[in-house]
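Take the sequence shown: its letter number 133 is residue 132 in numbering that gives the first Met the number 0, and every next letter is one higher.
Reviewing the structure listed below.
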Amino acid sequence: MLALIPALNCSQLWSLCPSQCKPPRIIRTRTPVVRLEAPHHCSTMSEEAFVTLATSDSYAKGAMVLGQSLRNHNTTRKLVALVGAHVTECCIEAMKSIFDEVSLVNVMDSEDTANLALMKRPDLGVTLTKLHCWTLTQYSKCVFMDADTMVLSNIDELFERGELSAAPDPGWPDCFNSGVFVFRPSNETHEKLLAFCSENGSFDGGDQGILNSFFNTWATADISKHLPFIYNLSSIAIYSYLPAFKHYGHNAKVVHFLGQVKPWNYSYDQQKGEVKGHSVAQQPGHLHPDYLLLWWQLYAKAVAPLLQTAYGDAPFISGFVEHKEHEDGAHQASPVSPPEPIKISSEERKKRWEAGRSTTWGTTHLPTLNANSTHS
Ligand code: UDP
Ligand code: GLC
Ligand code: MN
């Protein structure tokens, strides 16, 4: 059903453009099963969408957790996932239950090994594929979100911002981080971006380098285009400025698991409600245990069951720890029923935060989000 499309590098892609550069094929989906009722409708709202990207089944898991987190917080906007041809059909099937549109796109790869090596992320050449989000011209405005982000509250107010709005990158704050950004779909901008990319390349080998060079007045021109950091709180920032995280962290609206290690690289014990293999080291790049747990709880509750249905009897990597010795000594997968997710209001979260309930790790006290909750 899905044609395989080879990965193209920038110049190969540009050689096909603009005349043969087709917009992504749109796979329209039926009404999502887990969709929440929108509180109200107005015509402009239906023309706006949150967009994410997954070129592999692993990133697709992240995309689904993100989509579900947006639904749980009652977004009134559409949800769109761009997928590469390597995402398996079963995975796409599961995605269709969460997203309004799952759209197949050509994977673009910068193959810029030198710059990607500087970031120690050889895998990020394919992030150029993100640029295809500008072709979603059926929407008047969109918010792109990396598949390794998760929302903690409703963020529909982002649609009040103009192109290109984004939060500062924690590594170089005069650059914006391209994990969360507001943009206006336009075939013209898409073509300009691809041309820019083929002429200049990307200084980091990925989309963030291109986008910062292209929207190069972001740092100075218009403060309304600077999203507060709480709309893109990257894990890397938590440990590089812990006092700020302690002070402002409870306001976070979007968590970004930026860096080499992603939540889906761990495994999860459903019975104990524990993430496995997460060390207690506090260093940049380390994921905050509470956000990591929240990610897995969402995955276990809302995403894994969809994948299970889509895969049927075919095996798939659930990420769950398998244990259980039966009387006959046979191993069996852990029970399907996941732990209940923690449901606390942001008020309550703030209260708990301020009450100073903290976890001791080494010598530092770290604020936790899920203070008194149980999840067994
Ligand atoms: N991405 C993808 N497949 C990959 C790598 C990246 O689909 O192999 C997409 C995905 O949406 C991801 C985004 O590109 O969230 C940016 O990559 P990543 O989040 O890994 O970069 P980081 O934020 O860690 O720098
Ligand atoms: C960044 C961003 C990510 C982007 C990557 C490559 O670290 O978080 O969204 O895809 O760099 O440019
Ligand atoms: Mn990311």
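We put the CB at the ideal spot given by N, CA and C, even for glycine.
Note that the coordinates shown come from a computational prediction; the quantities given were computed from them, not determined experimentally.
Cβ shell of residue i (< 8 Å), same chain only, five flanking positions each side left out
i: Cys141; result: Glu47, Ala48, Phe49, Val50, Val79, Cys132, Leu135, Val181, Phe182, Arg183, Pro184
i: Ile26; result: Per-residue confidence for Ile26 stands at a pLDDT of 46, beneath the threshold of 50, marking its modelled position as unreliable; no derived number is given.
i: Gly170; result: Ile235
Environment of residue i [buried if 16+ CB atoms lie within 10 Å]
i: Gly208; result: buried
i: Asn71; result: buried
i: Gly272; result: buried
i: Gly61; result: buried
i: Ile378; result: A query on residue 378 cannot be resolved here, the shown segment of the chain reaching from 0 to 375 and no further.
i: Thr112; result: exposed
i: Pro262; result: buried
i: Lys349; result: Note that Lys349 scores 49 on pLDDT, short of 50, meaning its location in the model is unreliable and no value can be drawn from it.
i: Asp122; result: exposed
i: Gly124; result: buried
i: Asn73; result: exposed
i: Ile222; result: exposed
Cβ shell of residue i (< 6 Å), same chain only, five flanking positions each side left out
i: Leu127; result: Met107, Ser109, Asp206
i: Lys129; result: Leu52, Asp206
i: Ala116; result: none
i: Ala301; result: Gln67
i: Thr188; result: Trp133
i: Ala93; result: Leu305, Leu306, Ala309
i: Ser57; result: Trp263
i: Asn378; result: The first residue shown for the chain is 0 and the last is 375, placing residue 378 beyond what the model contains.
i: Leu157; result: Val142, Val181
Close-in-space but distant-in-sequence residues of the same chain around residue i (CB under 7 Å, 5 per side omitted)
i: Asn199; result: Ser212
i: Arg29; result: Unreliable placement is indicated for Arg29, whose pLDDT of 33 sits below 50; no coordinate value is reported for it.
i: Phe256; result: Asp147, Ser234, Pro262, Leu286
i: Asp203; result: Asn114, Met118
i: Ala218; result: Asp173
i: Val320; result: Ser266, Tyr267, Asp268, Lys275, Ser333
i: Ala220; result: none
i: Asn186; result: Thr134, Thr136
i: Arg120; result: Gln259
Terminal residues of the alpha helix (DSSP H) in which residue i lies
i: Ala59; result: 56-71
i: Ser164; result: Premise fails: Ser164 lies in the beta strand (DSSP E), 164-167, not in any alpha helix (DSSP H).
i: Ala309; result: 303-310
i: Leu78; result: Here Leu78 belongs to no alpha helix (DSSP H); instead the beta strand (DSSP E) covers 77-82.
i: Leu292; result: 288-297
Delimiting residues of the beta strand (DSSP E) encompassing residue i
i: Cys141; result: 140-144
i: Gly200; result: Run containing Gly200: none; DSSP gives neither H nor E here.
i: Met118; result: Note, Met118: premise wrong, no beta strand (DSSP E); not H, not E.
i: Glu92; result: Taken as a continuous stretch (DSSP letters only), Glu92 belongs to no beta strand (DSSP E), being part of the alpha helix (DSSP H) at 88-95.
i: Ser212; result: Looking at the DSSP string, Ser212 is not in any beta strand (DSSP E); the run it does join, the alpha helix (DSSP H), is 206-213.
i: His246; result: Unbroken run through His246 is the alpha helix (DSSP H), 241-247; no beta strand (DSSP E).
i: Glu47; result: 47-53
Bridge partner(s) assigned by DSSP for residue i
i: Val106; result: In the DSSP output, where bridge partners are listed per residue, Val106 has none listed.
i: Asp397; result: Any property of residue 397 remains undetermined from this structure, which presents the chain solely from 0 to 375.
Heavy atom of the ligand SAH within 7 Å of residue i beta-carbon
i: Gln270; result: In the structure shown, the ligand SAH is absent; the only ligands present are the ligand UDP, the ligand GLC and the ligand MN.
**Message:** Please enumerate, following chain order, all residues with a beta carbon closer than 7 Å to at least one heavy atom belonging to the ligand MN.
**Reply:** Asp145, Asp147, Thr148, Gly178, His255, Phe256, Leu257
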